[in-house]
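Just below is one structure, and these are the notes that go with it.
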Amino acid sequence: MSEPLGLRERKKLRTRRALVEAALRLFGEQGYQETTIAEITAAADVSARTFFSYFGSKEDVLFFDHQERTDEALKLLADRRPDEPIRDVLLRLVEHGLRASLLPADMASELSSVRYRLVSSVPALRARGLQLLFETERRLAAALHETYPGELDRTEAAAVIGALSGAANLAVQVSMDRGEPPERAWEAGRRAAEIAMGGLAVLGRGTV
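Start counting the sequence shown at 124; every next residue gets the next number (this note's numbering).
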């Protein structure tokens with residue numbers, strides 16, 4: 124069980140959250156390119172120096188939780204039960220990823236939708252998002268192989284992660300493009316992962 128955060132850590136988390144919320148609200152109201160860092164810091168009631176102690180750029184604000192989400196996904200693989208089937212682990216991995224990106228506990232639903240829309244429509248953000256996604260998929264594929272070395276080789280592990288990630292992400296994109304709320308997009312992503320999982324039975328050995 125983790126120890127409670129101290130006053131300093133709690134204050135830093137509140138400041139970081141205030142910056143993220145202020146930035147997303149401004150991005151949604153007036154556009155990503157049109158919003159300045161000065162406007163974000165004014166809305167969050169902090170200095171520009173404080174902003175840059177948390178983020179290197181406006182772009183970084185949109186991906187503020189990427190590293191944390193990746194670390195949690197890797198831990199999920201590492202902590203699987205010794206006898207847990209690959210299918211169960213993969214579904215939990217997909218559910219975690221969808222929940223973390225679409226339904227983060229520290230972000231309002233409408234802000235999650237704003238972030239999705241921006242990352243999908245602003246070229247620079249879309250490129251950054253794809254780069255981070257690819258890097259995460261590579262790390263997850265390597266971790267999956269290490270978790271089940273006798274059942275999946277490196278190529279198969281990469282195929283599994285790529286297939287599930289692609290299916291879930293595309294289903295989420297279609298759902299969000301239709302204007303559905305994050306909760307519905309989560310359901311669409313999970314259903315897509317289940318469909319993809321059925322196709323992965325081609326690997327044989329009854330592992331997926």
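For every residue, glycine included, the Cβ atom is placed at its ideal position computed from N, Cα and C.
Just so it is clear, the structure is predicted and the values come from calculations on it, not from any experiment.
Check	Outcome
What residue range is occupied by the uninterrupted alpha helix (DSSP H) comprising M230?	Per DSSP, M230 belongs to no alpha helix (DSSP H) and is neither H nor E.
Using a threshold of 9 angstroms, state whether the C-beta atoms of A344 and L197 are closer than that.	Here the chain comprises residues numbered 124 to 331, so residue 344 is not present and cannot be evaluated.
Taking the alpha helix (DSSP H) that L263 belongs to, which residues open and close that run?	246-270
Go to Q296, then tell me how far its alpha helix (DSSP H) extends in each direction, as first and last residue.	277-300
Between G329 and L323, what straight-line distance do the alpha-carbon atoms span, to the nearest angstrom?	Because G329 sits at a pLDDT of 45, beneath the cut-off of 50, its placement in the model cannot be relied upon, and the following sentence gives the value as read from the coordinates. Approximately 10 angstroms between the Cα atoms of the pair.
Around the Cβ of P227, are there at least 16 other Cβ atoms within 10 angstroms (buried) or fewer (exposed)?	buried
In three-state terms, what does DSSP make of E317?	helix
State whether the region 227-239 contacts the region 171-182, with contact taken as three or more CB pairs (one from each stretch) at a distance under 8 angstroms.	no
Compute the Euclidean distance between the alpha carbons of A231 and G273, then round it to the nearest angstrom.	42 angstroms
In this structure, how does DSSP classify R140 when only helix, strand and coil are distinguished?	helix
Short of 7 angstroms in beta carbon distance, which residues of its chain neighbour M124, apart from the five on each side in sequence? Order them along the chain.	Interpretation of M124 is limited by its pLDDT of 46, a score under 50 that renders its predicted location unreliable; the figure taken from the coordinates is listed afterwards. Taken in chain order, the list of residues that qualify is empty.
How would you write the range of the alpha helix (DSSP H) that L323 sits in, first residue to last?	Per DSSP, L323 belongs to no alpha helix (DSSP H) and is neither H nor E.
So the candidates are V297, R301, A291, P305; which of them puts its Cα closest to the Cα of I318?	A291
Looking at the structure shown, is E310 part of a helix, part of a strand, or coil, going by DSSP?	helix
Taking the alpha carbon of Q296 as the reference point, which residue from G312, E306, V283, L142 has its own alpha carbon closest?	G312
Are the region 177-190 and the region 203-214 touching by the rule of at least three beta carbon pairs closer than 8 angstroms?	no
Which whole-angstrom value is the C-beta distance of E147 and E162, which I expect to be below 8 angstroms?	Checking the displayed sequence, the identity of residue 147 turns out to be Leu instead of Glu. Not confirmed; about 13 angstroms, so no contact.
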